[in-house]
Amino acid sequence: MKKAVIVFSGGVDSVCAVSYLKSKYELYGITFSYGQKANSEIAAAKSFAKKLGLKQHKIIDIGFMKDLYGNSNVLTSSKRKIPSKFEYSIVVPIRNAVFLSIASAWAFTLNASLVVYGAHTGDKHYPDCRPEFAKKLESAFNQGEIDGIKSKLRKNIEIWSPYRMGLSKSDLLKSGMKVLGSSIFKTWSCYSNKKYHCGVCESCNNRKIAFEKAGITDKTKYLK
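Each residue of the sequence shown is one higher than the last, beginning at 1 in the UniProt record's numbering.
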């Protein structure tokens, strides 16, 4: 079976992406601790890595990035309020480039042919989620290993996301629900780090909307 490395946050998007691909690929998950407020997503990632039978699951500490980011965005800053709808303050500077670089390094090591992250059509506000960005990274990474690829020591990689397939968050939920059933409500989307989802941040609101569009009764526990 072909191998794939997935950036695995423990959220709806990455968990459902695994559900979508698991019948076709041997999956290796990589989760990043980058100084985000929402440490609960790492616990969710550990849980779902076991549930979904990932071949390996690595948690990589890149907490030093928080020092570099400073107060540039609300996801790592303790001084900035998390908004209820999209604002550019939510965008962590080239976060996905950092994640995908490390994931691709692992993929080349494993001779995996696919690197996955959970970007979908609803992520159009985020430049590093768009297919154009993924295609350019893919080209750059393969160029960086071109000699190994030509000599058959490395495999050419594809950076894949649901976005590149035209899939929305609600599409992912429908697919994930078939595989995971009610455990899908244990995924973590909230930008905060409370016991339950806050229910008011941009990510919680997107989650609620996606469940509604998918026609799935949302049994996630929200504080509001």
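Idealized CB from N, CA, C, for every residue including glycine.
Predicted model only: the values in this text are computed from it and were never measured.
Span separating the alpha-carbon of residue i from that of residue j
i	j	result
THR76	LEU27	28 Å
ILE149	ILE159	16 Å
ASN39	ASN193	6 Å
SER47	LYS135	31 Å
LEU137	ALA119	14 Å
ALA4	LYS24	9 Å
Residue i - DSSP class collapsed to helix/strand/coil
i	result
ASP218	coil
ALA44	helix
TYR28	strand
SER23	coil
ILE149	helix
SER33	strand
LYS58	strand
TYR87	What sits at residue 87 in the sequence shown is Glu, not Tyr. Looking at GLU87 - three-state DSSP - the assignment turns out to be coil, as it is neither helix nor strand.
ILE82	coil
GLY144	helix
Supposed contact pair residue j and residue i - C-beta distance, whole angstroms, cut 8 Å
i	j	result
VAL200	VAL116	Not confirmed; about 30 Å, so no contact.
LYS178	SER113	Incorrect: roughly 25 Å between the Cβ atoms, too far for contact.
ILE59	SER33	6 Å
Exposure of residue i, with buried meaning 16 or more beta-carbon neighbours within 10 Å
i	result
PHE64	exposed
ASN71	exposed
Residues bridged to residue i (per DSSP)
i	result
LEU114	ALA4 and GLU158
HIS197	TYR222
Proximity test, Cβ basis, 7 Å: residue i and chain D
i	result
ALA210	Looking for chain D here will not work: only one protein chain is present.
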